[in-house]
Amino acid sequence: MDADATAALRKRGVASTDDKFKFIWFKVCERLTSVLQNKMSNYDTDVFMPIFDAIQKARSGFFSSNMLI
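Residue numbers for the sequence shown follow UniProt numbering, so the first one is 1 and each next one is one higher.
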């Protein structure tokens, strides 16, 4: 999204090359981390586990631990 002179947001036609490169670089870093930590999934690494722990802690007040999902 870009802002014009009136501060109205408008969509860009095509994603920039930098955006694509950042996405690819992020995915490479995720995979490299999982390989170095000997994990089968990118989501089992030290990068994501604190996020999942925070979600689990936040939702524990709303749901019963016996509830099947």
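Where is the CB? At the ideal position from N, CA and C, for every residue including glycine.
For residue i, the three-state DSSP class (helix, strand or coil)
{"i": "Thr45", "result": "coil"}
{"i": "Lys39", "result": "coil"}
{"i": "Ser60", "result": "coil"}
{"i": "Ser16", "result": "coil"}
Cβ-Cβ separation, residue j to residue i (assumed contact under 8 Å), whole Å
{"i": "Ser34", "j": "Thr45", "result": "5 Å"}
{"i": "Arg31", "j": "Asn42", "result": "6 Å"}
Sequence-distant residues of the same chain with beta carbon closer than 7 Å to residue i, five excluded per side
{"i": "Trp25", "result": "none"}
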